[in-house]
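**Student:**
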Amino acid sequence: MAANAERAGQRGVVLLVALLAIALLTLLVMEFTFTTQVDYRRAAHWLEARQALLIARSGIDLGREILAQAELVHQLVTGQAKVADSLSELWAQPCAPPGPDSCPSDFGPLCVIDAGPGKVALRITDESGLYNLNRLARASHPAAEREREVFERIAAAAGVAPQLLGPLADWIDRDERPFPFGSGAESAEYATVPGAVGPRNGPFRTFAEVALVSGSSAQTLVRLRRLTTVLEGEDALSINVNTAPLELLAALDPAIAPLLPVLAEERCSAPFESVSDLRERVPEWPKWLGDRWVRFRSDWFRIRATGIVGEVRQSAEALVHREAGTIRVVYYRARRGVNIPQVEEAGAIDLEELGARAMGGRERL
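Using my numbering, the first residue of the sequence shown is number 210, and each one after it goes up by one.
1. Flag this pair as yes or no: are the beta carbons of residue 526 and residue 512 separated by less than 9 Å?
2. Can you pull the DSSP bridge partners for residue 541?
3. Only counting the same chain, and skipping five residues up and downstream in sequence, which positions put a Cβ closer than 6 Å to that of residue 360?
4. Going by the CB atoms, is the gap between residue 343 and residue 439 shorter than 9 Å?
5. Rounded to whole angstroms, how far is the Cβ of residue 514 from the Cβ of residue 436, which I believe are closer than 8 Å?
6. Using three-state DSSP, classify residue 329 as helix, strand or coil.
7. So, at 8 Å on beta carbons, what are the nonlocal neighbours of residue 571 in its own chain, with the 5 sequence-adjacent residues on each side left out?
8. Express the C-alpha separation of residue 254 and residue 491 in angstroms, rounding to a whole number.
9. Alpha carbon to alpha carbon, how far is residue 530 from residue 293?
10. Please report the distance separating the alpha-carbon of residue 352 from that of residue 519.
11. In this structure, how does DSSP classify residue 532 when only helix, strand and coil are distinguished?
12. Using a threshold of 9 Å, state whether the C-beta atoms of residue 425 and residue 407 are closer than that.
13. Can you name the residues that DSSP bridges to residue 341?
14. Would you check if the segment 472-484 and the segment 531-545 touch, i.e. whether three or more CB-CB distances between them fall below 8 Å?
15. Report the three-state DSSP secondary structure of residue 497 (helix, strand or coil).
16. Is it the case that the Cβ atoms of residue 382 and residue 348 are separated by a distance below 9 Å?
17. Keeping to the same chain, check which residues put their C-beta closer than 8 Å to that of residue 376; ignore five residues upstream and five downstream.
18. Just mark residue 372 as buried or exposed, buried being the case when its beta carbon has 16 or more other beta carbons within 10 Å.
19. Is residue 511 helix, strand or coil by DSSP?
20. Do residue 508 and residue 462 have their CB atoms nearer than 9 Å?
21. Between the Cα of residue 410 and the Cα atoms of 333, 345 and 370, which residue gives the shortest distance?
22. By DSSP, does residue 221 sit in helix, in strand, or in coil?
23. Can you tell me whether DSSP reads residue 300 as helix, strand or coil?
24. Chain B beta carbons: is any one of them nearer than 9 Å to that of residue 502?
25. Just to confirm, are residue 449 and residue 506 a CB contact at a threshold of 9 Å?
26. Please look up how many angstroms separate the CB atoms of residue 521 and residue 261, rounded, as I've assumed it's under 8 Å.
27. Using a Cβ-Cβ cutoff of less than 6 Å, which residues in the same chain neighbour residue 277 once the five nearest sequence positions on both sides are dropped?
28. Measure from the alpha carbon of residue 270 to the alpha carbon of each residue in 417, 239, 330 and 245, then state which is nearest.
29. Going by the beta-carbon positions, is the gap between residue 290 and residue 298 smaller than 9 Å?
30. Leaving out the 5 sequence neighbours to the left and right, which residues in its chain are closer than 7 Å to residue 222 when beta-carbon positions are compared?
31. What three-state label does DSSP hand residue 573 in the structure shown?
32. Would you identify the three-state DSSP class for residue 288, choosing helix, strand or coil?
33. Below 8 Å on the Cβ atoms is my contact criterion, and I expect residue 363 with residue 340 to pass it. Report the Cβ-Cβ distance as a whole number of Å.
34. Report the three-state DSSP secondary structure of residue 357 (helix, strand or coil).
35. Along the chain, where does the alpha helix (DSSP H) that runs through residue 484 open and close?
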């Protein structure tokens, strides 16, 4: 009897050990499965993120090629050499046929293109059609009254305090004399603020640099960006009338506001080619707004692209300069997430349809 009881106890211990071993093995298997799933998801997410970034980069390359071929496309569509840049061109309306019928007062709807494993959202905007803040290097001069008045109207249109004029001018002028027509900010003022960066005393290099200016903020940056830009070089100081936002044109001179419907209609029917052409077709155009202020060709563009793969969004942005048919990248940056509004709502087309739309206006014109 005692032997039987001992054997029964041993069997109980063996069963208990077996159950513990099974429990431990179950936990190990569950942990291994969980770790494997996490690693798989992490690898899959990395792959999608990498694919999305490469697709975004390809969008930048596509934008550069569209700009490089703009002259040829215009000649094929219209049969004439291009003498002006306008919003009716393929770069401004990449998902719409070029021509007068597709010319709005602003850039076209967002273009989303199927790109194999994902999609790419593409937008090209004309920086030559915006007010260049580097013009304000002249604002401290007593004779630059119109420059100061124009910026103040642009600031009002953008919802920014006009008093920002002084700090902006002091940031880019080459002296340490405070702005003489209001409150400014030279090195001495920045030295009193912990962590502040002193003025460059030269042209802005990037638009983000505007946030470093005394009195500026991230909100100021967003509001100003609609109507202004930052470009280097004397040839980048004038504004392309054919691509400028109508709100910006109205801010140049109060007399332009009543002319906006005529301006919009005229530049869509045919882009303005020169100051004389502009004044002939819009006789009320202010006489002081000549070649020093306006232009009709564009050399500077901003290309934004967002790659979309599954639930992952990766974006890229480039400022490019077009010169003699070549497209030079001035700066390039990548970021996570979306850098173009309305990406999620836009429908997609494929590359073949994009090409067909590019040449679709040939039969209409």
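All C-beta atoms in this analysis are idealised placements derived from N, C-alpha and C, irrespective of residue type, glycine included.
**Tutor:** Reading off the structure:
1. Yes. Within cutoff.
2. Checking the DSSP bridge columns, you'll see residue 541 partnered with 527.
3. So the qualifying residues of the chain are 374.
4. The Cβ-Cβ distance between residue 439 and residue 343 falls below 9 Å.
5. Not a contact, Cβ separation roughly 23 Å.
6. Residue state, collapsed to three classes: strand.
7. A caution first: residue 571 carries a pLDDT of 39, below 50, which makes its placement in the model unreliable, though a value can still be read off. In its chain, beyond the 5 residues on either side, 285 and 286 have a beta carbon closer than 8 Å to the beta carbon of residue 571.
8. Residue 491 and residue 254 have their C-alpha atoms spaced approximately 56 Å apart.
9. Between residue 530 and residue 293, the C-alpha separation is close to 16 Å.
10. Distance between the alpha carbons of residue 352 and residue 519 is about 57 Å.
11. Here residue 532 sits in strand by DSSP.
12. No, the pair does not count as a contact, with Cβ atoms beyond the cut-off.
13. When beta bridges are read from the DSSP output, residue 341 appears opposite 438.
14. Segments in contact, no.
15. Coil.
16. Cβ distance < 9 Å, so residue 382 and residue 348 count as in contact.
17. Correct list, in chain order: 388, 392, 393, 394, 422, 423, 424 and 425.
18. Burial call: exposed.
19. In the structure shown, residue 511 sits in a strand (DSSP, three-state: E or B).
20. Cβ distance not < 9 Å, so residue 508 and residue 462 don't count as in contact.
21. Residue 410 has its Cα closest to that of 345, out of 333, 345 and 370.
22. Residue 221: helix per DSSP, three-state reduction.
23. In the three-state scheme derived from DSSP, where H, G and I count as helix and E and B as strand, residue 300 is classed as coil.
24. The structure shown contains no chain B, having only a single protein chain.
25. Closer than 9 Å, so yes.
26. Yes, they are in contact, since the Cβ atoms of residue 521 and residue 261 sit about 5 Å apart, within 8 Å.
27. Within the same chain, Cβ atoms closer than 6 Å to the Cβ of residue 277 are found at 536, the five residues on either side in sequence being excluded.
28. Per the Cα distances, 330.
29. Going by C-beta atoms, residue 290 is not nearer than 9 Å to residue 298.
30. Hits under 7 Å: none found.
31. The predicted position of residue 573 is uncertain, since its pLDDT is 35 and thus under 50; a value taken from the coordinates is nonetheless stated next. Assignment of residue 573 by DSSP, reduced to helix, strand and coil, places it in the coil class.
32. In the three-state scheme derived from DSSP, where H, G and I count as helix and E and B as strand, residue 288 is classed as coil.
33. Going by Cβ atoms, the distance from residue 363 to residue 340 rounds to 6 Å, so yes, they are a contact pair.
34. In the three-state DSSP reduction, residue 357 falls in the helix class (H, G or I).
35. Its alpha helix (DSSP H) spans residues 484-490.
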